[in-house]
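These notes are about the structure you will find just below.
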Amino acid sequence: MFVLVANFGCKTHQVEMAERFPEVNNYINLDKSFSSSVNLVVVNGKRVVVSPTGPLNRCEDDVRRFFDAGEAGIKRALASGARKPIILSLDSTVFENSLLVTLLGAYHALYTTLEHRESKPAEAKKADALGIWSTNSEAAKAVQEKAQSIEAAKTVYRDILGSDPERMAPKMVEKYVNDIFNGTCVSVSVVAGAETLRKEYPCFAAVDRCANTVERHQGRVLWLDYNPGNAKKTLLLVGKGVTYDTGGADIKAGGHMVCSCGEINLKKIILRPVCTETRVAQPLLLRFFTL
Numbered sequence: 004m005f006v007l008v009a010n011f012g013c014k015t016h017q018v019e020m021a022e023r024f025p026e027v028n029n030y031i032n033l034d035k036s037f038s039s040s041v042n043l044v045v046v047n048g049k050r051v052v053v054s055p056t057g058p059l060n061r062c063e064d065d066v067r068r069f070f071d072a073g074e075a076g077i078k079r080a081l082a083s084g085a086r087k088p089i090i091l092s093l094d095s096t097v098f099e100n101s102l103l104v105t106l107l108g109a110y111h112a113l114y115t116t117l118e119h120r121e122s123k124p125a126e127a128k129k130a131d132a133l134g135i136w137s138t139n140s141e142a143a144k145a146v147q148e149k150a151q152s153i154e155a156a157k158t159v160y161r162d163i164l165g166s167d168p169e170r171m172a173p174k175m176v177e178k179y180v181n182d183i184f185n186g187t188c189v190s191v192s193v194v195a196g197a198e199t200l201r202k203e204y205p206c207f208a209a210v211d212r213c214a215n216t217v218e219r220h221q222g223r224v225l226w227l228d229y230n231p232g233n234a235k236k237t238l239l240l241v242g243k244g245v246t247y248d249t250g251g252a253d254i255k256a257g258g259h260m261v262c263s264c265g266e267i268n269l270k271k272i273i274l275r276p277v278c279t280e281t282r283v284a285q286p287l288l289l290r291f292f293t294l
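Just so you know, my numbering puts 32 at position 29 of the sequence shown, and the rest follows in order with no gaps.
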């Protein structure tokens, strides 16, 4: 199944669609809302999901319109039973990264949670493949490789952020990070232990004090070093990750303390670039310090 992402208000796209997909224009003439909603049509005997970006000429419009269109189009294709959707993204004269962002939106639609992948691996896979059609195959291949690298990093981010606080308790985060970077040029070192943390990271230990009686809840400090061997610059990044704030003491009304696991966001924001760098091999020495 094809997923066509296009801006129906763009004259260039209108001309290209008229040349390549003339049947789509017939649907536009039949349905006034066709250019503003996701639709499943038949073109030359093939099922095609048409996912418009919407207007791109307003002050609030940016390249994220392509992300939303790519995500919505893939979701519609999956709902129809497609297992190998193919993205047809028409080039944008306004946003040079439109294809990249469209693919990121498509990948976002294909993501499944870590718990689902672990508990029901056979059911967790939403599609068997994702294809790309472009008039410039070489450029599309480069964009696809970049999109896959970014999506791999975003998957790590979503796995840690979106999982249950127990599934991603400090000890489990440590194991997950070690597994992710095993065999790469990223070295992972861990600082743990109540006495060591009180001495080296007293503020960290203060937050950890109510949780350190439970082994799996004991805090950790992770150091990640990315060194491809040809580094010309050094960059240091620090991120805070809180799986349960105030050291494990529930002091918020209504049980909302558990929602503080969202504060772990900064840790994942730090993890995302190092995951990407391991795939693109940039000449940069990165040191990541995550709490």
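For each residue, glycine too, the CB sits at the ideal point set by N, CA and C.
- Looking at the DSSP output, Leu7 shares a beta bridge with Val53 and Leu91.
- For Ser152, the enclosing alpha helix (DSSP H) stretches over residues Ser140 to Gly165.
- By the Cβ rule, the region 149 to 164 does not count as touching the region 194 to 212, because fewer than three pairs are nearer than 8 Å.
- Secondary structure of Gly73 (DSSP, three-state): helix.
- Around His16, the same chain offers Ala9, Asn10 and Leu93 as residues with beta carbons nearer than 7 Å, after the five sequence neighbours per side are excluded.
- Our two residues, His119 and Lys14, have alpha carbons roughly 43 Å apart in a direct line.
- Comparing alpha-carbon positions, the option among Asn32, Ser192 and Val18 lying closest to Val224 turns out to be Ser192.
- Between Pro55 and Met4, the CB-CB gap reaches or exceeds 8 Å.
- By the neighbour-count definition (other C-beta atoms within 10 Å, threshold 16), Gly108 is a buried residue.
- Counted as a single uninterrupted DSSP element, the stretch harbouring Asp228 is not any alpha helix (DSSP H) but the beta strand (DSSP E) occupying residues Arg223 to Tyr229.
- Here His111 really is in contact with Glu74; their C-beta atoms are around 5 Å apart, less than 8 Å.
- In the three-state scheme derived from DSSP, where H, G and I count as helix and E and B as strand, Ala195 is classed as strand.
- Counting the other Cβ atoms within 10 Å of the Cβ of Pro173 gives 16 or more, which makes it buried.
- With distances taken between CA atoms, Ala156 lies nearest to Phe184 out of Phe184, Ser83, Ala145 and Ala143.
- By the C-beta criterion, the region 143 to 155 is judged not to be in contact with the region 23 to 41, since fewer than 3 inter-stretch pairs fall below 8 Å.
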